Amino acid sequence: MRYTSLFLTRLSLSVLLVTTVCICSCKKYLSPAPLSTIDPSVVFSNLANAQAAVNGAYLAMAGDFGYGIRVSFYYAHDDDIIMGGGSGIAAGRQEEAHYTLTAGNTDIGSTFNQFYAGIERANNCIYYIPKMKEFSSSNAGEKSQAQRLLGEALTVRAQLFFELIRIWGDVPAHWVPSVFVPDLFEHRVSRDTIYAHLLDDLAYAKTLMPWRTAVTQDERFTKGSAMALRAKIALFAGGYSLRQTGGMQRLANYLDYYKICRAECDTLMQNRAQHNLYPSFKGLWKDVVDAHKAVDASGELIMQVAMANGTQSDSKIGAQSGTKINGVGGSLGNMYPTYFYYFDSTDLRRDISFVPFEVVRDVYGRGHASNSLYDGKFRRDWITNPSYYQSSGATTGNNPVTLTPVSNNNIQNFQLNWPLIRFADILLMYAEADNEINGAPSAAAIAAWKEVSLRGHGGNAALVPTAPADHDGFFKLLVKERALEFGGEGIRKFDLIRWNLLGNALSETKANLNRMAVGSPLQSLSFMADLPAYCLSDTNSMPKFMFFYQNGLAENTVSNKTGAIWANSFYKHSPNPGSGLKDTTISPVNADLTLPNTSSNINRVAWYANTNITTTYSNWIGYGFVTGKSELYPIPQASIDANGNLRPQNPGY
Amino acid sequence: MILPGQNEDTYDQNLDVTLNPGNSLSLINPLQLINAEYRLRTITVYNFNGYFDLGITKKLSFRSTFGYDVNKTESRAYDDTITTNSKALGKQPVLNLNNNDITTINNSNVFTYSNLFSPNSKHSLNILVGQEIYQTNAKANGLQLNYFPLGTTPDQAFANLGLASPPPGISQPKLASSEVNVHQFSLFSRLSYSFDRKYLLTLNFRADGSSLFGPDYGSPVGTGNASNNKWGYFPSASFAWKISDEVFMQKLSFVNLAKLRLSYGQAGNNRINAYGYTTGYSPPANAGYGLSDALAYTLVLPNQLGNQDITWESLNSTNLGLDLAFFRNRLTVTADFYSNTTKNLLLLNKIPPTSGYGLQLQNVGTARNNGVELQLAGVVMQKKRFYWNANFNIAFNSNKITSLGKQNKFTANSGWFSTTTNPDDYLVQVGQQLGTMYGLKVDGFYTVNDFDATNYVNATNNAKYPTLLYQYTLKKGMPNPVAVLNDYVAPGQIKYRDINGDGKITLDSDRTVIGHALPKFTGGFNQQFTFKGFDASIYVNFSYGNDIYNANKLEFANQYGQDQNMLSIMNGRWRVIDAAGNLVQKQPDATTVIGIAPDQLSALNANATIWQPYKSTGGYAPMSFAVEDGSFIRINNFTLGYTFPQQWTSRAKISSLRLYVTVNNVATITGYSGYDPDVNARRNTTLTPGVDYAAYPRGRTFIGGINLSF
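Chains A and B, in that order, give the protein sequences. Going by this note's numbering, the first residue of the first sequence is number 1123, and it counts up by one from there. Going by this note's numbering, the first residue of the second sequence is number 171, and it counts up by one from there.
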């Protein structure tokens, strides 16, 4: 066949076309660069990105399903201080608080998943950061930054596992990124093994991190955080918990763990320049935490979760908890009136932790009956920088809650940081550990406890009670002191569990509430130091009604009084009707607060012998609590569906 | 929010402020809501296509085709003050602006050799060889702005984004953007040979390389020793025999066509999202760790763990077909018998969340589809002015999962209840069909006869409830549902069946198969008529044996949303309050249920048809109550047209003029209680078909038109 030149041209043209196109068939064409996702090895190639990856691990602690509201507030109740969730058992948060939840509860599933996602992020950081060139660099600045990042990742991972164990008991654990785990269908690992691993991790982490004062001050973890967390984990590792075999048990060698705790606390207590008690208890809340300050001058906030305005970065503390301001919001997390009487009348912490009133017309207090009481550390009228003006707009009636139109009454997030460990906790943990180890409190233990109680009493040593010298007495004193110091901070329930006292606490609190409801005198709780004597008086000495002023300022300006709103004492019989108790805040001074002697008296609230205590509180507190079951939550059903190796479910579910 | 005509006092501030209406389900009047939500989507599409064809010799030609398509979508959304989005952000309007641009480029180059033998020969051969590339580039960016001033209209807001002013201390959400590139390169060839036009043979071979599979050869970190999973190889062959052309068939004059077809082939599927082979960090959408009250630069891992071993899914299909035509093509019969096996099914599989991730793309398992499809078509009547032809088809398919890799079964979640932490409702198990629904079996509700009634003596409660003097405890032997119910078990409560007989109802051991989404058979029939100038057609389709998981029933037969309306079936519920408003049954504490005398309680509830509604989210667990038979017959389409007579239209130089009217979705006959039995509302995963949750009902369309040709 002859090949015409035209044919050849055409053939070569087409072959050329095809080969040019085929050149693109090399592997590169089939590998377009991923632009919107970044490979881990690339992320850990410089410090800024590595820091961002560690921030990702921190982020798993924040948000609605983390310490934003659920872990800090929903799962941390009921105990003997706060009834969580409100009256009822239908909503998720009510199930969680009143111990009626089942494995199908959706909140716990989201928390479980979020914490494991955080652990994976931390595992990636822990794996890759030591491989960074900055980690072993000769440049001291870079090296310390990289090492600090590793320390932070180890501490975040420890905190997440610690919380998982506290809530769920034995959980799966792996210590390398999931891509290296051969079988993702893991079995549950004993909590003792995990705790031991965490204690080793934290011992290493504290050597990697600087002290608080050596670096820029913000919410990132420092050497003190790792030590404090190690102390706390050691105390829990040596405490009671509900075992898979059923029954609350603690390890036989629990004192070894208490020794670790005492050693860590001791080191922190030797370094007062780094961490110390903030001089004023009220100032800690009003001027630091609620004022959106990242850190306090004394370093009392050793470990906290930072929150800011963003999806899954924020907190609802202060929005869903606390009392009403101008008729708006909160009112989740009722404090029991029996908790009020834990405090003696000179204890400043009482009025900071406990709010028996709401704030109306911006500044005035309006008293609440004894079945409508709230926590006060995160109160909305103390929030500044920024503050949030809220109003329900309910301006009608002769006693309106506000004078201004509706404003911001649906804001859910206040960006308040959540404190995890404070220095006061260190002092009390030291005292407790020392007491256990020595079988009786040493002078150092008593001194440590005394610091906390002294601050609680405004620095007046004469008001501090005397500490018993025996083991049991001192232990009960500490049980009480921890309740007085940490009300509303999500600590109490887990303390009661590790002492194996939760069941008793709930039933005895319920009994005391019922006594208060019918007007019988309160009784001291069997597991705690006695209540102040004047709280146990005969019913004729407790006030049936509390009277408050129309225009009493909610923010008490006198430091050791209950506030400028109450006209009679919480510890004496209320004045008889017509006794002439005048309202000194209105002008001219005329109205007799005790009249009319009916429920329509707007200056009067029921206090003692208030039957509503039963319907609001005692009917719901620990509604579904079963000893040997409710000390742990069930493993979420969705996780068991995804991985059958998580069986068996926690006992009783 | 005050409706026109109401005054201030009708607005219940306490309802809005302290309670969340509907238990935070945020129920809002739908009419008001429609007016408050603004949505506008603008789509701009450009298509360019071109080709050039080069004849190299008489038998050899080359054709190159090129296409360039651009699809730009802009979505605008504006939520005014009463909407849920706005309420969560200070009751001020919220604006969302999203842009999605997809650019597609494709190019194919094909050589064709045709008719390689001489025209007189009995043989005929065609060969085709070619190469193709196909790539898409998808860019997306989105912005959300909150806190517009009250009273800003949507148009003002979009024209003036700077109006948004957050209160001090609050920052606007971060902007988001993404870009994804997908490339595919293919080589293909075909050979077709026919002998005497009676025997036909076609052979195909195709090789496809896709960037959706790994490893990433462009990565700066290198690929280690990861194997190249990008390529898939797909051969196929088919053979046809035109029996009717054989000499021995000429005697059967009524048989006009008889053709036997046989084929075997493999096809590939790579319809997954990009970058499934790697796990990469990305900045979280509008989030970051809040150091010093500002969102610090944060990188997080996604919810999907990468899998460097994923590769093409392949479908092996074997088909035997028979085409028959009789009576001068008046009756045609087509029958196909097929057996398809899908290997290396690409599934977004759930992995245990303790890994830190929820999902992973995996090539897991094989599924088999065997079936028969039958089609009959015929001209029923053919007269001078009347013509009627009918067409009937029916298909039977049997689906079975034959392997799931190392696992024997796992469960999948349709995700209708907003979070994926509601118990799983679909079962994927070797030996079962796809789309098997999995849940608790409902056995009606507890009646008084299931309980022992004893006298109840308790000082506090007797005083509070003086008429409720009997305590009801579940009889021995009745299974204990405490693990799935929130309230203590009481008369009138929903009753589940204890499948494994262990005396307790738990999600773990008492969930069972409650329905199958796939139908037993489907089909349709089509009738066409012409009479003088009129033409009409009716198309009917049917499906039998498909079950529907009606999640709407679960949501609206439940009282979790206080003050929320319920379905009318709940009118027959078990009463705990009698007609005079007196309480007759109560649960005063965690473990006690008290009520009036048993015979009175039974008498009051003698006509009860359904249980007391749930008051917790436990009512959303999957159960047989929600599964309904979705078999249906639907008159899908009816068309009537009239063509004007030729002699009239030709005068106006019009070659033909036809008017027609069409109705779509004329009528549906079904026993299903929802809007539409042909529903598939949760399509994110192929594992959960047949869910009806807030699916939009199908509208009936009336179309009128003109066909005009000159």
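Beta carbons: idealized from backbone N, C-alpha and C, even for Gly. Since we're looking at a predicted model, the values are computed, not measured.
Under the DSSP definition of a beta bridge, which residues are partnered with residue i?
| i | result |
| --- | --- |
| M551 of chain B | B:W558 |
| P200 of chain B | Answer by DSSP bridge pairing: none, since P200 of chain B is not bridged. |
| S362 of chain B | B:N296 and B:T372 |
| H353 of chain B | B:Q305 |
| W1297 of chain A | DSSP, once it has assigned bridges, lists no residue as partnering W1297 of chain A. |
| G435 of chain B | B:S406 and B:S487 |
| A428 of chain B | B:L494 |
| S1529 of chain A | A:S1513 |
Output, in chain order, the set of chain A residues within a Cβ distance shorter than 9 angstroms of residue i.
| i | result |
| --- | --- |
| V350 of chain B | P1154, P1156, L1157 and S1158 |
Tell me whether residue i is buried or exposed, calling it buried when 16 or more other Cβ atoms sit within 10 Å of its Cβ.
| i | result |
| --- | --- |
| A822 of chain B | exposed |
| N184 of chain B | The pLDDT assigned to N184 of chain B is 41, lower than 50, so where the model puts this residue is not dependable, and the model offers no usable value. |
| E1422 of chain A | buried |
| A1676 of chain A | buried |
| H137 of chain B | This structure leaves residue 137 of chain B out entirely; chain B is present only between 171 and 880. |
| T1720 of chain A | exposed |
| W1729 of chain A | buried |
| I1248 of chain A | buried |
| W1407 of chain A | buried |
By alpha-carbon positions, which one of the options ends up nearest to residue i?
| i | options | result |
| --- | --- | --- |
| M551 of chain B | B:T512, B:L515, B:L501 and B:P337 | B:L501 |
| F1102 of chain A | A:Y1180, A:Q1216 and A:N1772 | Residue 1102 of chain A is absent from the model: chain A starts at 1123 and stops at 1775. |
| Q734 of chain B | B:I252, B:Q770, B:K785 and B:F712 | B:K785 |
| F1343 of chain A | A:T1524, A:L1454, A:K1328 and A:K1751 | A:K1328 |
| H686 of chain B | B:N277, B:N720, B:R868 and B:E244 | B:N720 |
| I1619 of chain A | A:V1601, A:E1607, A:S1475 and A:A1633 | A:V1601 |
| M1457 of chain A | A:L1542, A:Q1236, A:D1202 and A:S1529 | A:D1202 |
| N1725 of chain A | A:Q1771, A:F1667, A:I1762 and A:I1735 | A:F1667 |
| T323 of chain B | B:N311, B:R367 and B:L265 | B:L265 |
| P1718 of chain A | A:L1157, A:G1625 and A:P1697 | A:P1697 |
| F1608 of chain A | A:A1731, A:P1699 and A:F1465 | A:F1465 |
| S408 of chain B | B:T676, B:L267 and B:L370 | B:L370 |
| P1299 of chain A | A:E1242, A:D1323 and A:T1277 | A:E1242 |
| G541 of chain B | B:S347, B:Y557 and B:F566 | B:F566 |
| E1341 of chain A | A:K1415, A:W1504, A:Y1250 and A:A1583 | A:K1415 |
| K579 of chain B | B:Y283, B:G312 and B:Q603 | B:Q603 |
| S1467 of chain A | A:F1536, A:E1480, A:Q1366 and A:L1606 | A:L1606 |
Find the residues of chain B that neighbour residue i, judging by a C-beta separation of less than 9 angstroms, and give them in chain order.
| i | result |
| --- | --- |
| N1741 of chain A | P758 and D759 |
| S1312 of chain A | None at all; the shortest Cβ gap to chain B is about 15 angstroms. |
| Q1366 of chain A | Correct list: empty, because the minimum Cβ distance to chain B is about 16 angstroms. |
| N1796 of chain A | Nothing about residue 1796 of chain A can be reported from this structure: the residues present for chain A run from 1123 to 1775 only. |
Which bits of chain B does residue i rub up against, with CB to CB less than 7 angstroms?
| i | result |
| --- | --- |
| M1429 of chain A | G460 |
| S1475 of chain A | Per Cβ cutoff of 7 angstroms: no residues; S1475 of chain A is ~23 angstroms from chain B at best. |
Between residue i and the ligand ADP, is there a pair consisting of the residue's CB and a ligand heavy atom that are separated by less than 8 angstroms?
| i | result |
| --- | --- |
| F236 of chain B | The ligand ADP is not among the ligands present in this structure, which contains no ligands whatsoever. |
Closer than 7 angstroms by beta-carbon distance: list the chain A residues that pair up with residue i, in chain order.
| i | result |
| --- | --- |
| T468 of chain B | A1174, N1177, G1178 and L1181 |
| Y387 of chain B | K1149, K1150 and S1153 |
| L531 of chain B | Ordered by position in chain A, no residue passes the 7 angstroms Cβ test against L531 of chain B, which lies about 14 angstroms from the chain. |
| N456 of chain B | G1432 and T1433 |
Run through chain A and tell me which residues come within less than 8 angstroms of residue i, C-beta to C-beta.
| i | result |
| --- | --- |
| P636 of chain B | The contacting residues do not exist; P636 of chain B stays about 17 angstroms from chain A at best. |
| V654 of chain B | T1224 and G1226 |
Touching by the beta-carbon criterion (3+ pairs, under 8 angstroms), the segment 218-232 of chain B and the segment 298-311 of chain B:
No, because fewer than three Cβ pairs between the segment 218-232 of chain B and the segment 298-311 of chain B fall closer than 8 angstroms, the two stretches do not touch.
Chain C contacts from the segment 510-524 of chain B (Cβ-Cβ distance under 8 angstroms):
No chain C appears in this structure, whose protein chains are A and B.
Spell out a yes or no on whether the segment 1343-1358 of chain A and the segment 1378-1398 of chain A are touching, meaning 3 or more CB-CB pairs, one atom from each, closer than 8 angstroms.
Touching, yes.
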